[in-house]
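Quick note, the sequence shown lines up with residues 20 to 341 if you use the numbering used here. We put the beta carbon where it would ideally sit given N, CA and C, even for glycine. On a predicted model such as this, the values are computed, not experimentally measured, just so you know. Structure first, commentary second.
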Amino acid sequence: MALEIGIVGLRGSGKTTLFNALTGAGVEAQTYLGGAPKPNVGVAPVVDDRLPRVASVVGSARTTPAAIRVVDIPGSDAALMGGLRQVDALVAVLDAFNTSSDPQADLETVKLELLVADRDHVERRLERVSRQAKSGDAALRRDVAELQQLLAHLEAGNTLEAYGESLLPELQPLTTKTLLPVANGPSGIDCKLEAELAELDPAEAASFREGPSALEEVVRRVFDELATISFFTANEREARAWNLRSGVTALQAAAAIHTDMAQGFIRCEVVHWSDLVESGSRAEAARQGLQRLEGKDYPVEDGDLLSIRFSPPAPRGRSSSS
Ligand SMILES: Nc1nc2c(ncn2[C@@H]2O[C@H](COP(=O)(O)OP(=O)(O)OP(=O)(O)O)[C@@H](O)[C@H]2O)c(=O)[nH]1
Ligand SMILES: [Mg+2]
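Below, the structure written as structure tokens:
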């Protein structure tokens, strides 16, 4: 359910460096030279200034920011890009640090590689479904016809976006995903510097920067592109931010936290974070009529603090209690 981004780019453009900068994982940046390739998977926290302010009003002992899963694949071979089909958006890292670099031309190459990966994917799927369709299954035969038409469209040099008809959902194409270019270098985002700063304590890292972290900007752009909103939950133990696509209901928000919460959903109390901070406490916000009781269809807004009331599931014996 967490938002997920994939990093693409030409070999040596700085994908793993960006991955390290985003996740603080400290994976060795090493140009991929064949062998057994495996993706790096990590989690990038989403910095949100509102969270500590909510935590301080509620008196939460700690804060847990929302997180984005980040997948970094070595090189840019079509075969390896399959690991990116489930992500919500792609970030294209472009070399802007070498003197001979040409980020604009590289972006076109990356787009072409994504297109080739999608074409290969459709072709492989067509081969497989064609074999299965020999059994005479009507639905499979329809899929074969559809894939043949799609492959012809791609082989004519067209993009998937330009394909008028709806795509088989299981195709998970790469070229229809949001693609955010990041120029890696002093003129754009200096990923190498950011990766080094990611290993420092945040306050110390900030003293090396002029303004806000350029990486926070990348995460913010992903958020905006995907029309993502954040909501908060907070008690004495923890204040936490969560991210969701906008247009979700209170019930869907509950499901993002825990399935038990969605299954036993009764209602939720909602107060906007700014109303909470201005009134100084939940009780005062409630007294001023700023806290509302909402049902499961309530459309969650960016910055809402939700307290979800739910009936916990019946205990299923000792093993399920913790
Ligand atoms: N000077 C400079 N060097 C960088 C920068 N970003 C990456 N590098 C260097 O470029 C080399 C390749 O960086 P990686 O992050 O491993 O590139 P990659 O895209 O993951 O490479 P592959 O996984 O092989 O495709 C490393 O030696 C990095 O230190 C940068 O912003 N400035
Ligand atoms: Mg790499």
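Item	Value
G299, buried or exposed, once every other Cβ within 10 Å from all chains shown has been counted against 16	exposed
D209 - partner residues in DSSP beta bridges	None; D209 has no bridge partner.
Helix, strand or coil at D316 according to DSSP, with G and I counted as helix	coil
Inter-residue Cα distance where the pair is G102 and R143	15 Å
Heavy atom of ligand 2 within 7 Å of D91 beta-carbon	yes
Given I208 as reference, the closest of P71, P122, T82, V163 once Cα atoms are compared	P122
Test item: CB-CB of A115 and A40 under 8 Å	no
K34 beta carbon near ligand 2 (any heavy atom closer than 7 Å)	yes
Separation of S232 from G28, as counted between CA atoms	22 Å
Cβ pair L22, T197 closer than 8 Å	no
Three-pair Cβ contact test at 8 Å for the stretch 126-146 versus the stretch 60-75	no
Same chain, Cβ closer than 6 Å to Q282, five either side skipped, listed in chain order	none
Supposed close pair E16, T195 - CB separation, criterion 8 Å	The displayed coordinates of the chain run from 20 to 341. Any statement about residue 16 would go beyond what the structure contains.
Distance, R88 Cα to V60 Cα	7 Å
Buried versus exposed, by CB contacts within 10 Å (16 or more), D316	exposed
Alpha carbon of N254 to alpha carbon of E297, nearest angstrom	18 Å
E223, enclosing alpha helix (DSSP H) - first and last residue	221-226
S344, enclosing alpha helix (DSSP H) - first and last residue	This structure gives no information on residue 344, because the portion of the chain shown stretches from 20 to 341.
Residue nearest to K34 in terms of C-alpha spacing, selected from E146, H277, S119, L113	L113
Beta-bridge pairing of L109 - partner residues as DSSP gives them	G25, L198
Beta-carbon spacing of T82, L99 below 8 Å	no
Where F250 sits in the DSSP three-state scheme	strand
Distance between L325 and F250 (C-alpha atoms, nearest Å)	7 Å
Counted within 10 angstroms of its Cβ, other Cβ atoms place N177 as buried (16 or more) or exposed	exposed
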